[in-house]
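*Asks:*
In our numbering, the protein residues as written are 7 to 391.
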């Protein structure tokens with residue numbers, strides 16, 4: 007078998023390069039999103055948005071867990087329950103335990119299937135950096151064990167990952183354009199439909215977890231209400247923006263916004279409540295940073311023991327890192343993102359990568375007569391734009 011024909015130039019094909027990719031992944035994991043309940047959750051629940059029901063339903067829980075064929079019925083049931091409840095961060099920790107056990111048992115088939123499932127979950131949760139590493143690990147494992155169909159599945163998911171990257175970039179770009187159009191209309195005194203447009207921008211940015219852009223839209227909403235002589239609505243919009251900024255640790259913006267509030271229209275009690283709320287949000291953010299730092303230490307210990315050949319000990323720390331990150335919030339990952347222009351520009355390369363990966367998957371499916379997989383890749387290729 008000529009494996010090289012199925013390997014794109016940028017694929018992971020050697021253990022040393024794979025280790026570098028994993029290192030990059032754990033650097034990215036410092037920002038990994040989670041949905042855990044945390045102090046002040048009632049105040050910040052509005053900002054803990056999942057990526058979207060349409061995307062989450064792409065995961066066929068029964069099919070994926072059946073492929074793993076876990077002997078431990080209790081663990082299988084627990085993972086199924088967590089995935090069905092969309093508690094992905096805790097499911098990820100259990101799946102990493104399964105992966106660690108597979109490493110100890112030298113069960114490459116289960117290990118590669120587990121990594122593919124982890125990658126698919128990460129795609130659905132918008133954790134694209136983590137998803138790529140899981141899937142590149144799965145790709146290496148399937149290739150090294152001469153599992154052509156598994157290799158095609160890995161390529162297919164890598165194609166899906168890059169399609170998602172493009173999709174997110176276009177959604178970010180569209181909301182960026184809509185925000186500037188709303189600002190332009192407001193500045194020219196054309197207010198019809200602007201409030202509805204800004205509400206859509208806020209909702210969309212929260213769904214794709216661009217919290218700073220959502221806060222900017224709230225500020226634009228405040229400016230609109232100022233021009234419409236609606237001081238109460240303007241105040242509320244500024245407070246919403248302050249909450250978002252506080253939840254991502256950007257207290258300079260919070261102080262600016264709170265300082266711009268009309269104190270004559272807010273009682274001392276109300277103001278104290280607002281300040282206490284943003285303080286809780288900021289404290290939650292700081293706790294996220296502490297837990298993320300602890301997870302990074304565990305990740306470094308994983309690499310240390312892996313280099314020393316103590317694989318079992320290494321995987322214990324990889325799982326421990328995941329457990330620690332499970333206690334952090336979504337905002338800890340997405341508090342800082344690239345400018346939308348850079349995101350959109352980079353997504354052009356994602357289109358090329360998606361096409362390359364799907365072409366590789368389609369070639370294998372066609373050669374092996376897996377026509378259902380071939381049809382799926384062709385449908386996915388139609389989504390590339």
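Where is the CB? At the ideal position from N, CA and C, for every residue including glycine. Computed from a prediction, not measured in an experiment: that's the story for all the values here.
Measure the C-alpha to C-alpha separation of residue 373 and residue 259 and round it to an integer number of angstroms.
*Replies:* Working through the chain shown from its first residue, we reach residue 373 at position 367. Working through the chain shown from its first residue, we reach residue 259 at position 253. Residue 373 and residue 259: Cα-Cα distance of roughly 57 Å.
*Asks:* Which residue marks the beginning of the alpha helix (DSSP H) containing residue 75, and which one marks its end?
*Replies:* Stepping through the chain shown from its first residue, residue 75 is reached at position 69. That residue, residue 75, is in no alpha helix (DSSP H); it is neither H nor E in DSSP.
*Asks:* Anyone know if the C-beta pair for residue 204 and residue 167 falls short of 8 Å?
*Replies:* On the chain shown, residue 204 is found 198 positions in, with the first residue counted as 1. On the chain shown, residue 167 is found 161 positions in, with the first residue counted as 1. For residue 204 and residue 167, no; Cβs fall outside 8 Å.
*Asks:* Measuring straight from C-alpha to C-alpha, what distance separates residue 232 and residue 287?
*Replies:* Numbered from 1 along the chain shown, position 226 holds the residue referred to as residue 232. Numbered from 1 along the chain shown, position 281 holds the residue referred to as residue 287. Each residue's alpha carbon lies about 27 Å from the other.
*Asks:* By alpha-carbon positions, which one of 128, 115, 326 ends up nearest to residue 297?
*Replies:* Position 291 of the chain shown, counting from 1, holds the residue named residue 297. Nearest option by C-alpha distance: 326.
*Asks:* Between which two residues does the alpha helix (DSSP H) harbouring residue 358 extend?
*Replies:* Here residue 358 is taken as the residue at index 352 of the chain shown, counted from 1. Residues 346-374.
*Asks:* Report the option in 282, 211, 366 whose CA atom is closest to the CA atom of residue 165.
*Replies:* Sequence index remark: in the chain shown, residue 165 carries index 159 (1-based). Checked all of 282, 211, 366; the closest Cα to residue 165 is 366.
*Asks:* How big is the Cα-Cα spacing for residue 148 and residue 357?
*Replies:* Working through the chain shown from its first residue, we reach residue 148 at position 142. Working through the chain shown from its first residue, we reach residue 357 at position 351. Spanning the two alpha carbons is a distance of roughly 24 Å.
*Asks:* Determine the contact status of residue 163 and residue 122, defining contact as a CB-CB distance below 8 Å.
*Replies:* In the chain shown, counting from the first residue as 1, residue 163 sits at position 157. In the chain shown, counting from the first residue as 1, residue 122 sits at position 116. Taking 8 Å as the Cβ cut-off, residue 163 and residue 122 qualify as a contacting pair.
*Asks:* Any idea what DSSP makes of residue 326, helix, strand or coil?
*Replies:* Start at 1 with the first residue of the chain shown, and residue 326 comes out as number 320. Reduced to three states, the DSSP call for residue 326 is helix.
*Asks:* To the nearest angstrom, report how far apart residue 354 and residue 151 are at their CA atoms.
*Replies:* As a first step, residue 354 must be located in the chain shown, where it is residue number 348. As a first step, residue 151 must be located in the chain shown, where it is residue number 145. Their backbone Cα atoms lie some 33 Å apart in a straight line.
*Asks:* If you count every other CB in all the chains shown that lies within 10 Å of the CB of residue 117, and 16 or more means buried, which is it?
*Replies:* Looking up residue 117 in the chain shown gives position 111. Buried: at least 16 other Cβ atoms inside 10 Å.
*Asks:* Can you have a look at residue 254 and say buried or exposed, based on whether 16 or more other CB atoms are within 10 angstroms of its CB?
*Replies:* Position 248 of the chain shown, counted from the start, is the residue given in the question as residue 254. Counting Cβ neighbours within 10 Å, residue 254 comes out buried, since at least 16 surround it.
*Asks:* What is the residue span of the alpha helix (DSSP H) that residue 282 lies within?
*Replies:* In the chain shown, counting from the first residue as 1, residue 282 sits at position 276. From DSSP, the alpha helix (DSSP H) with residue 282 extends over 274-313.
*Asks:* Throw me the rounded Cβ distance for the residue 332 and residue 81 pair, which I believe falls under 8 Å.
*Replies:* The residue given as residue 332 occupies position 326 in the chain shown. The residue given as residue 81 occupies position 75 in the chain shown. With a Cβ gap of about 17 Å, residue 332 and residue 81 do not count as contacting.
*Asks:* Quick one: what does DSSP say residue 152 is sitting in, helix, strand or coil?
*Replies:* Locating residue 152 in the chain shown gives position 146, where the first residue counts as 1. DSSP places residue 152 in coil when its eight states are reduced to three.
*Asks:* DSSP on residue 138, reduced to helix/strand/coil?
*Replies:* Walking along the chain shown from the start, residue 138 turns up at place 132. Residue 138: helix per DSSP, three-state reduction.
*Asks:* Between residue 1 and residue 99, how many whole angstroms is the CB-CB distance? I'm expecting something under 8 Å.
*Replies:* Not covered by the structure: residue 1. The range shown for the chain is 7 to 391.
*Asks:* According to the Cβ coordinates, are residue 214 and residue 249 closer than 8 Å?
*Replies:* Your numbering for residue 214 matches position 208 in the chain shown. Your numbering for residue 249 matches position 243 in the chain shown. For residue 214 and residue 249, no; Cβs fall outside 8 Å.
*Asks:* How long is the line joining the alpha carbons of residue 84 and residue 69, rounded to whole angstroms?
*Replies:* Taking the first residue of the chain shown as 1, we reach residue 84 at position 78. Taking the first residue of the chain shown as 1, we reach residue 69 at position 63. Going from the Cα of residue 84 to the Cα of residue 69 covers about 15 Å.
*Asks:* Between the C-alpha atoms of residue 145 and residue 303, what's the straight-line distance to the nearest angstrom?
*Replies:* The residue you call residue 145 lines up with position 139 of the chain shown. The residue you call residue 303 lines up with position 297 of the chain shown. Near 27 Å, if we compare the C-alpha coordinates of residue 303 and residue 145.
*Asks:* Return the CA-CA distance between residue 389 and residue 383, expressed in angstroms with no decimal places.
*Replies:* Here residue 389 refers to the residue found at position 383 when the chain shown is read from its first residue. Here residue 383 refers to the residue found at position 377 when the chain shown is read from its first residue. Each residue's alpha carbon lies about 10 Å from the other.
*Asks:* Distance check for residue 131 and residue 93, CA to CA, integer angstroms please.
*Replies:* Taking the chain shown and counting its residues from 1, the one referred to as residue 93 is at position 87. Taking the chain shown and counting its residues from 1, the one referred to as residue 131 is at position 125. Rounded to whole angstroms, residue 93 to residue 131 spans 11 Å at the Cα level.
*Asks:* From the DSSP output, in three-state form, read off residue 92 for me.
*Replies:* Position 86 of the chain shown, counted from the first residue, corresponds to residue 92. Residue state, collapsed to three classes: coil.
*Asks:* What does the alpha-carbon distance come out to for the pair residue 79 and residue 86?
*Replies:* Here residue 79 refers to the residue found at position 73 when the chain shown is read from its first residue. Here residue 86 refers to the residue found at position 80 when the chain shown is read from its first residue. Rounded to whole angstroms, residue 79 to residue 86 spans 10 Å at the Cα level.
*Asks:* In whole angstroms, what separates the C-alpha of residue 311 from that of residue 113?
*Replies:* Taking the first residue of the chain shown as position 1, residue 311 is located at position 305. Taking the first residue of the chain shown as position 1, residue 113 is located at position 107. One C-alpha to the other measures close to 20 Å.
*Asks:* Using the Cβ count rule (16 or more neighbours within 10 Å means buried), how would you classify residue 216?
*Replies:* Looking up residue 216 in the chain shown gives position 210. Buried, by the Cβ-count rule.
*Asks:* Just the Cα atoms here: how many angstroms apart are residue 345 and residue 175?
*Replies:* Reading the chain shown from its first residue, position 339 is the one you call residue 345. Reading the chain shown from its first residue, position 169 is the one you call residue 175. Their Cα atoms are separated by approximately 10 Å.
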